[in-house]
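Asker: If you read the sequence shown in the numbering used here, its first letter stands for residue 146, the second for the next number, and so on. My questions all concern the structure below.
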Amino acid sequence: TGADAQVVAARLDLKKAEADLKRRLPLIAAQAESPEIVQHLRDGVEQARAAVNAAEAQAAAAHAAIEGTDVAQNPVVMQARANFRAAWVAAQRNAIYAPVSGYVAERSVQLGNSVQPGQQLMTVVPLHDLWIDANFKESQLRHIRIGQPAKVVSDLYGGDAEYHGKVIGLGAGTGSVFSLLPAQNATGNWIKVVQRVPVRIALDNKELDQHPLRIGLSTDVTVDIRHDQGGVLANTPTRQPVAQTDVYDQMASKADAEADRIIRANLSHATAAN
Numbered sequence: 146t147g148a149d150a151q152v153v154a155a156r157l158d159l160k161k162a163e164a165d166l167k168r169r170l171p172l173i174a175a176q177a178e179s180p181e182i183v184q185h186l187r188d189g190v191e192q193a194r195a196a197v198n199a200a201e202a203q204a205a206a207a208h209a210a211i212e213g214t215d216v217a218q219n220p221v222v223m224q225a226r227a228n229f230r231a232a233w234v235a236a237q238r239n240a241i242y243a244p245v246s247g248y249v250a251e252r253s254v255q256l257g258n259s260v261q262p263g264q265q266l267m268t269v270v271p272l273h274d275l276w277i278d279a280n281f282k283e284s285q286l287r288h289i290r291i292g293q294p295a296k297v298v299s300d301l302y303g304g305d306a307e308y309h310g311k312v313i314g315l316g317a318g319t320g321s322v323f324s325l326l327p328a329q330n331a332t333g334n335w336i337k338v339v340q341r342v343p344v345r346i347a348l349d350n351k352e353l354d355q356h357p358l359r360i361g362l363s364t365d366v367t368v369d370i371r372h373d374q375g376g377v378l379a380n381t382p383t384r385q386p387v388a389q390t391d392v393y394d395q396m397a398s399k400a401d402a403e404a405d406r407i408i409r410a411n412l413s414h415a416t417a418a419n
């Protein structure tokens, strides 16, 4: 270990200091050497001996800390394992994986470019899993409930394609209140404008596969308000996260497996050498 190596180095320094002093002692007996130099050498021997004692104490403490543990639990091995794991994951993440399947849009990166962490490279649009945010007038929201069926017609296909979906949520506010400078209507001197609130409509993925839509298209949405059993506010999430992946979790588990494999291989080589 590192502590044992320090003990060996300290003992070598002590041996050298003692040899230097031994060579100078006959010279001082013959009055051919300055007493100050010899005293300096004696002090060097004492310092080297103290360094040996300190190194041996550190080595004893290090051995006591790992006594009764196997090689894999050795602090030095665990530190090396952690360093290898971080380096392995960093090397694997040089290949960037998209969290969803879709179509590339707004690509800003080109072949040969250097990229930085956090830099946007492109937009991946999952066209097989889209939804509609229908902006209904506030006067139309009275009877809209979560779970009501809806029909959607897109200007892209006209009347040739009709999508069937259901209401999965109503917006918590109009678009204007979330703007950078929302309108201030508390003064009383204002013109009333009918506000619109987004209503999210989930679509059938099979119908989307038959007639793919694009982001930002205009649609005509009709909600069947005869089904009034649902609530106005959602209590639980009705959809799973779209942009979700376990690819990085798999990298971590693979890094652990590779580190364990290397430790086992080194142990087998050490056993064979003995």
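For every residue, glycine included, the Cβ atom is placed at its ideal position computed from N, Cα and C.
Suppose you measure from the CA of Val234 to the CA of Gln374; what does that come to, to the nearest Å?
Answerer: Residue 234 sits at position 89 when you count from the first residue of the sequence shown. Residue 374 sits at position 229 when you count from the first residue of the sequence shown. Approximately 50 Å between the Cα atoms of the pair.
Asker: Would you decide whether Ser324 is buried or exposed? Buried here means 16 or more other CB atoms lie within 10 Å of its CB.
Answerer: Working through the sequence shown from its first residue, we reach residue 324 at position 179. By the neighbour-count rule (16 or more Cβ atoms within 10 Å), Ser324 is not buried but exposed.
Asker: How long is the line joining the alpha carbons of Ala243 and Val270, rounded to whole angstroms?
Answerer: To locate residue 243, count along the sequence shown from 1; it is residue 98. To locate residue 270, count along the sequence shown from 1; it is residue 125. Each residue's Cα considered, the two are about 11 Å apart.
Asker: Can you give the Cα-Cα distance for Arg406 and Lys399, rounded to whole angstroms?
Answerer: The residue given as residue 406 occupies position 261 in the sequence shown. The residue given as residue 399 occupies position 254 in the sequence shown. Taking the straight line from one Cα to the other gives about 10 Å.
Asker: What does the Cβ neighbour count give for Arg345, buried or exposed, with the cut at 16 atoms within 10 Å?
Answerer: The count along the sequence shown starts at 1 and reaches residue 345 at position 200. Flag for Arg345 reads buried.
Asker: Determine the DSSP secondary structure at Ile136, reduced to helix, strand or coil.
Answerer: Absent from the model: residue 136. The displayed extent of the chain is 146 to 419, so no value can be given.
Asker: Could you have a look at Glu307 and say whether DSSP puts it in helix, strand or coil?
Answerer: Taking the sequence shown and counting its residues from 1, one reaches residue 307 at position 162. Of the three classes helix, strand and coil, the one that applies to Glu307 here is strand, per DSSP.
Asker: Taking the C-alpha atoms as reference points, what is the distance between Asp354 and Ala347?
Answerer: By 1-based counting over the sequence shown, the position of residue 354 is 209. By 1-based counting over the sequence shown, the position of residue 347 is 202. If you take the alpha carbons of Asp354 and Ala347, they lie about 14 Å apart.
Asker: Using alpha carbons as the reference points, say which of Ile360, Ser259, Met223 lies closest to Ala240.
Answerer: For the purposes of this step, residue 240 is taken as residue 95 along the sequence shown, with counting starting at 1. Ranking the options by Cα distance to Ala240, first place goes to Ser259.
Asker: Could you tell me the alpha carbon to alpha carbon distance between Ala379 and Asp349, rounded to whole angstroms?
Answerer: Your numbering for residue 379 matches position 234 in the sequence shown. Your numbering for residue 349 matches position 204 in the sequence shown. Roughly 20 Å separates the two Cα atoms.
Asker: Within 10 angstroms of the Cβ of Leu358, are there 16 or more other Cβ atoms? Answer buried if so, exposed if not.
Answerer: The residue given as residue 358 occupies position 213 in the sequence shown. Counting Cβ neighbours within 10 Å, Leu358 comes out buried, since at least 16 surround it.
Asker: Taking 8 Å as the threshold, find out whether the segment 356-370 comes into contact with the segment 183-198 through three or more Cβ pairs.
Answerer: Contact between the segment 356-370 and the segment 183-198 is absent, because fewer than three Cβ pairs lie under 8 Å.
Asker: Are the CB atoms of Leu272 and Tyr248 within a distance shorter than 8 Å?
Answerer: Counted from its first residue, the sequence shown places residue 248 at position 103. Counted from its first residue, the sequence shown places residue 272 at position 127. Against a cut-off of 8 Å, the Cβ pair of Leu272 and Tyr248 comes out as a contact.
Asker: Is Ala150 near Gln203, with beta carbons less than 8 Å apart?
Answerer: The residue you call residue 150 lines up with position 5 of the sequence shown. The residue you call residue 203 lines up with position 58 of the sequence shown. It is not a contact, given that the beta carbons lie outside the stated cut-off.
Asker: In this structure, how does DSSP classify Leu286 when only helix, strand and coil are distinguished?
Answerer: As a position in the sequence shown, residue 286 is number 141, starting the count at 1. Note: Leu286 maps to coil in three-state DSSP.
Asker: When DSSP builds the beta bridges, which residues end up paired with Thr268?
Answerer: Residue 268 sits at position 123 when you count from the first residue of the sequence shown. DSSP lists Ala250 as partners of Thr268.
Asker: Taking all protein chains shown into account, decide if Leu186 is buried (16 or more other Cβ within 10 angstroms of its Cβ) or exposed.
Answerer: The count along the sequence shown starts at 1 and reaches residue 186 at position 41. Leu186 is buried by the Cβ-count criterion.
Asker: Between which two residues does the beta strand (DSSP E) carrying Pro343 extend?
Answerer: Position 198 of the sequence shown holds residue 343. Residues 341-348.
Asker: Whose C-alpha, out of Glu352, Pro343, Asp394, Val297, is nearest the C-alpha of Ala279?
Answerer: Here the question's residue 279 lines up with position 134 in the sequence shown. Among Glu352, Pro343, Asp394, Val297, the Cα nearest to that of Ala279 is on Pro343.
Asker: Which value, in whole angstroms, describes the spacing of the CA atoms of Glu403 and Ala250?
Answerer: Stepping through the sequence shown from its first residue, residue 403 is reached at position 258. Stepping through the sequence shown from its first residue, residue 250 is reached at position 105. If I take the Cα positions, the gap works out to 36 Å.
Asker: Beta-carbon separation of Val339 and Lys282 under 8 Å?
Answerer: Counting from 1 along the sequence shown, the entry for residue 339 is found at position 194. Counting from 1 along the sequence shown, the entry for residue 282 is found at position 137. Yes, Cβ-Cβ distance for Val339 and Lys282 is below 8 Å.
Asker: Heavy atom of the ligand ATP less than 7 Å from the Cβ of Ala235, yes or no?
Answerer: Annotation note on the ligand ATP: not contained in the displayed structure, which lists no ligands.
Asker: Among all the DSSP beta bridges, which residues are the ones paired with Thr364?
Answerer: Stepping through the sequence shown from its first residue, residue 364 is reached at position 219. Partner(s): Ser299.
Asker: Report back the beta-carbon spacing between Val297 and Gly310 to the nearest angstrom; my notes put them in contact at under 8 Å.
Answerer: Residue numbering aside, residue 297 sits at position 152 when the sequence shown is read from its first letter. Residue numbering aside, residue 310 sits at position 165 when the sequence shown is read from its first letter. Contact holds; Cβ gap of about 6 Å.
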